Amino acid sequence: AQSVTQLDSHVSVSEGTPVLLRCNYSSSYSPSLFWYVQHPNKGLQLLLKYTSAATLVKGINGFEAEFKKSETSFHLTKPSAHMSDAAEYFCVVSYYNQGGKLIFGQGTELSVKP
Amino acid sequence: NAGVMQNPRHLVRRRGQEARLRCSPMKGHSHVYWYRQLPEEGLKFMVYLQKENIIDESGMPKERFSAEFPKEGPSILRIQQVVRGDSAAYFCASSPSADRSYEQYFGPGTRLTVT
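Right, here's the structure in full:
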């Protein structure tokens, strides 16, 4: 089955240190990949997306992700965490001929300590 | 351009009642998707609609759930005879195209509580 796996359910970092949220997807022809962020009791906001252009994708708020086909990974990184980054992050995949349907990972909760 | 609107934001229903969740897509968007987020779980696709058509309902429970997106007005997700297990956050998203390169814009969600 087509799926996406977020390898950590919870990540805790200190403010000013790097962030790494890991994501693997099931292999398929040319997936589109996204990272969304959800703050408590809010809707989802798109951080960045990969749609078969450059493999290193830059998003909002200093986040970026690298598409690695050989590893079927799409890890999200940020050089320096900010307190406002504390939220739930979802890795999301969309496959060809699926009508745009999004398949979500289980989510990673990011905590940022002062 | 207003974003995706959902109402109500919070809905409390007793077991056996009906729940109606509304979603107004962004202006110019004719593709609507509904997702459900159960407690401690990620979001799961429920249904994909275009104006007056259900395109993909593979994620919808077979009973009690229905969705529509009429020619005029918002998209409606209807849950009949609600049970406690229906308690969840329901998110609507809209897009100008079904092409997967297009972003889906999410509404703030409706949080349904069944007592």
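Chains as they are written, first to last, in the working numbering: chain A, 21 to 134; chain B, 68 to 182.
Ideal Cβ positions, reconstructed from N, Cα and C, are used throughout, including at glycine.
Owing to the predicted nature of the structure, the values given are computational and were not obtained by experimental measurement.
For the pair A/Trp-55 and A/Leu-76, the CB atoms are not nearer than the 7 Å cut-off. Secondary structure at A/Glu-84: strand, using DSSP grouped into helix, strand and coil.
With fewer than 16 other Cβ atoms from the protein chains shown falling within 10 Å of its own Cβ, A/His-59 counts as exposed. In this structure, B/Gln-73 places its C-beta atom within 7 Å of the C-beta atom of B/Thr-177. Chain-ordered, the chain A residues with CB closer than 7 Å to the CB of B/Gly-174 read Gly-63. For the options A/Met-103, A/Leu-53, A/Ser-93, the alpha carbon positioned closest to that of B/Asp-166 is the one of A/Leu-53. Inclusion of A/Ala-101 and A/Val-33 in the CB contact set at 7 Å is warranted, their separation being smaller than that value.
In this structure, B/Ser-133 and B/Leu-116 do not form a Cβ contact; the two beta carbons are roughly 11 Å apart against a cut-off of 8 Å. Of the residues A/Arg-42, A/Asp-28, A/Leu-66, the one whose Cα lies closest to the Cα of B/Tyr-169 is A/Leu-66.
For A/Leu-122, the chain B residues whose C-beta falls within less than 9 Å of its own C-beta are Tyr-100, Tyr-102, Leu-110, Phe-112, Ala-160, Arg-167, Gln-171, listed in chain order.
At the C-beta level, B/Val-71 and B/Gly-140 stay beyond 7 Å of one another.
Closer than 7 Å to the CB of B/Tyr-115 there is at least one CB belonging to chain A.
Judged by DSSP secondary structure, B/Met-113 falls within the beta strand (DSSP E) whose first and last residues are 110–117. Contact note: A/Lys-69 reaches chain B through Glu-170, using a C-beta cutoff of 7 Å and chain order. For the stretch 115–146 of chain B, residues whose beta-carbon sits nearer than 9 Å to a beta-carbon of chain A comprise Tyr-115, Ile-122, Asp-123, Ser-125, Gly-126.
In this structure, A/Gln-22 keeps its C-beta atom at 7 Å or more from the C-beta atom of A/Tyr-116. The contact set of A/Leu-66 on chain B, defined by CB atoms closer than 7 Å, consists of Glu-170 in chain order. With fewer than 16 other CB atoms across the displayed protein chains lying within 10 angstroms of its CB, A/His-30 is exposed. In this model, A/Gly-36 and A/Glu-129 are separated by some 17 Å (Cα to Cα). A/His-95 counts as buried, since at least 16 other C-beta atoms from the protein chains shown sit within 10 angstroms of its C-beta.
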